[in-house]
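Numbering (our numbering), first residue to last: 25 to 423.
For glycine and all other residues, C-beta sits at the position ideal for the given N, C-alpha and C.
Note that the coordinates shown come from a computational prediction; the quantities given were computed from them, not determined experimentally.
The next block holds one structure in the form of structure tokens; read it before the comments.
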């Protein structure tokens, strides 16, 4: 018996005025997923020129590398449909190939077959902390699990929530988050394979990425020309549009490649998305053709200043009742709250490389005193929570 799921859909468009969108590459063939390595280099697979069938030019597709100086080079070649990609714990890039029904690993610039067992039109992939590989089987709408020894098993059918699962990411607790190409669901799959729907976009989706620092999901919505985010600490607020120009009354985005502020920018069939280690930048590929069936060529688009905006829009009321001073800081700073017991407050600090920073924090009446005297001078990011709810995200300058 088919189960019906009735979902209350929340999609908001907050004012993300501080986010800037810019195009950082010339046009090139790179219509697949986007991922980032520990050094900040970006990798873009080339799915191919067309959505509905194989390329007709007979030329193999590449995986491209965009280094931190914005030099764009071929990282690996000989793919027929380079879709999802991700690094394992050893820094080796794995690349799904939707037309080969296989996942390859790239060693010294050459592809090596990792597995094809049980794969049917694989797209998004993700590794857990034990280097188990999870694969979105778009062709049969399920998730496969491949252990490091190469054993491939069915991991989850998604409880009817999957429809050509396309993008996938994973959190530090081993929960998978999957978005579909053929419906709007954002699906959480727990380590035991249990699937639940936790949110929706308005149209079909490309890929998804997770920011461990803020517990946010970011989604490139291929079908709507919009970029979404979902706060996992506040699911009742639903998804928000973080970038793209919405056509009034439709929920759909204007197709284009206009740079500028977040909600005046435009995207064309955005597919791949990768969040920087700090969580303050997003990398997205966007089609230059403005035609969803003709994918290539592509641009890489960069969204900057993401963190400084999220708290201002989602938690404006709470932020107005929270004081953080001084900033810049020399040795200690105070968090003063009128709405929460300081015992309920927690703070996380990370550096420009996304590394969590250790510090001491003590409660003093209605204040939380944070000692950062051992930190080196520079810029840091912080996230303050009241119990489990994020109430402030921002930047900290250490003198």
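One or two residues paired with residue i in a DSSP bridge
i           : result
residue 121 : 106 and 126
residue 360 : 347 and 391
residue 233 : 242
residue 149 : 159
residue 89  : 67 and 97
residue 140 : None, per the DSSP bridge assignment.
residue 193 : 201
residue 211 : 202 and 221
residue 270 : 277
residue 111 : 117
Residue i in three-state terms, based on DSSP
i           : result
residue 286 : helix
residue 255 : strand
residue 327 : strand
residue 47  : strand
residue 412 : coil
residue 54  : coil
residue 223 : strand
residue 397 : coil
residue 10  : Any question about residue 10 goes unanswered here, given that the chain covers just 25 to 423.
residue 402 : strand
residue 277 : strand
residue 72  : coil
residue 80  : coil
residue 260 : helix
residue 247 : coil
Of the listed residues the options, nearest to residue i (C-alpha basis)
i           : options              : result
residue 75  : 91, 54, 92 and 59    : 54
residue 90  : 226, 77, 58 and 143  : 58
residue 374 : 418, 294 and 160     : 418
residue 193 : 413, 109 and 234     : 234
residue 185 : 175, 167 and 172     : 167
residue 397 : 49, 314 and 357      : 357
residue 94  : 106, 135 and 51      : 51
residue 125 : 131, 156 and 163     : 163
residue 288 : 267, 361 and 205     : 267
residue 346 : 294, 408 and 135     : 408
residue 362 : 80, 410, 116 and 129 : 410
Whole-angstrom C-beta distance between residue j and residue i, which should lie under 8 Å
i           : j           : result
residue 182 : residue 203 : Actually they are not in contact, since the Cβ atoms of residue 182 and residue 203 sit about 12 Å apart, beyond 8 Å.
residue 395 : residue 384 : 4 Å
residue 404 : residue 372 : Between residue 372 and residue 404 the Cβ distance is about 10 Å, and since that is not below 8 Å, they are no contact.
residue 244 : residue 229 : 7 Å
**Q.** alpha helix (DSSP H) runs wholly inside the segment 288-323, at least 4 long, in chain order
**A.** none
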